[in-house]
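Heads up, the sequence shown stops at 180 in my numbering, and the numbers go up one at a time, no gaps.
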Amino acid sequence: MSTTFRGSPLALTILSLLHYKPLHPYGVQRLIRDWGKDIVVNVGQRTSVYRTIDRLAEAGLVAVRETERDQAYPERTVYEVTDAGRAAARRWLTEMIAAPKKEYPQFPAALSYLLLLTAEEVPDLLEQRLKQVEDSLGQLESNLAEQRAQGLPRVSLLELEYLETVTRAEAGWLRAVLDDLRSGRLRWTPDDFAER
């Protein structure tokens, strides 16, 4: 079996949860949601959890512990992390923390082609985004306050702190760009780029 499996946030999450206890794929997905990790890992599609577990098993990073049979549920395969999986999770975790990965989110890509729109069209679009970013920020602040009130250790809240900080920064940046657009400090026309 190969352990050249490339780490991903979902694979790291699955291995981390299997450190906690052996689980079946549905249990993994449920625990991700119960622990609020779905704000940093996309588990909207259950098939992605199953596919990732299959790939982890093929790489020898998880193994079948048992198959549960219960009349109320279909047969469920319970997985546990292997020693190779523990080592891989530590390696991926240290790499993900220490070295920024080049990521290609949609918003900066869209901004790079903003001149396909007119300067008059953009404020409404950015206002819509700002509203959603502010809503997300409010939810993050609420979640963080709730988690702190439960007395959870700060180390278990760092991803919420990070997301709150990044979301607050985006909201501030959006407000500044909107201000520049409205004041006329930021303007463009198609002719500005015709000869470039």
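Cβ coordinates follow ideal geometry from the N, Cα and C atoms, glycine included.
Please read all numbers here as calculations on a predicted model, not as lab measurements.
Since Arg60 sits in a beta bridge, which residues does DSSP pair it with?
Glu52
Could you tell me the distance, in whole angstroms, from the CA atom of Pro58 to the CA atom of Thr151?
41 Å
Should the segment 96 to 107 be called in touch with the segment 62 to 78, which here means at least 3 C-beta pairs below 8 Å?
no
Let's test the definition: count the other Cβ atoms within 10 Å of the Cβ of Ala153 and tell me whether it reaches 16, buried, or not, exposed.
exposed
Looking at Pro9: is its Cβ nearer than 7 Å to the Cβ of Val24?
no
CA nearest to the CA of Ala43, picked from Pro84, Asp164, Trp157, Ala73:
Ala73
On the three-state DSSP scale, how would you describe Ala103?
coil
Skipping 5 residues on each side, what residues in its chain have a beta carbon closer than 8 Å to that of Leu162?
Pro107, Leu110, Glu111, Leu114
Starting from Ile(-2) and walking both ways along the alpha helix (DSSP H), at which residues does that stretch end?
-7 to 4 is the span of the alpha helix (DSSP H), which, as asked, contains Ile(-2).
Just grab the DSSP bridge partners of Val46 for me.
Val65
Leu7 - DSSP class collapsed to helix/strand/coil
strand
Min CB distance Arg53 to chain D below 7 Å
Structure shown: chain D not included; a single protein chain is present.
Expressed to the nearest angstrom, what Euclidean distance is found between the alpha-carbon atoms of Leu100 and Asp164?
18 Å
CB contact flag (Leu1, Val12, <7 Å):
Cβ atoms of Leu1 and Val12: closer than 7 Å.
Taking the straight line between their C-alpha atoms, what separation do you get for Trp76 and Trp157?
32 Å
Classify Leu190 as buried or exposed, calling it buried when 16 or more other Cβ atoms lie within 10 Å of its own Cβ.
A query on residue 190 cannot be resolved here, the shown segment of the chain reaching from -15 to 180 and no further.
Looking at the secondary structure, which residues open and close the alpha helix (DSSP H) in which Ala153 lies?
142 to 167
Alpha carbon to alpha carbon, how far is Glu148 from Arg138?
14 Å
Assign Val48 to buried or exposed, taking buried as 16 or more other Cβ atoms, counted over all protein chains shown, within 10 Å of its Cβ.
exposed
Span of the alpha helix (DSSP H) holding Gln134?
No alpha helix (DSSP H) holds Gln134; DSSP gives it neither H nor E.
Determine the burial state of Leu136: buried for a count of at least 16 other Cβ atoms within 10 Å of its Cβ, exposed for fewer.
A residue is called buried when at least 16 other Cβ atoms come within 10 angstroms of its Cβ; Leu136 does not meet this threshold and is exposed.
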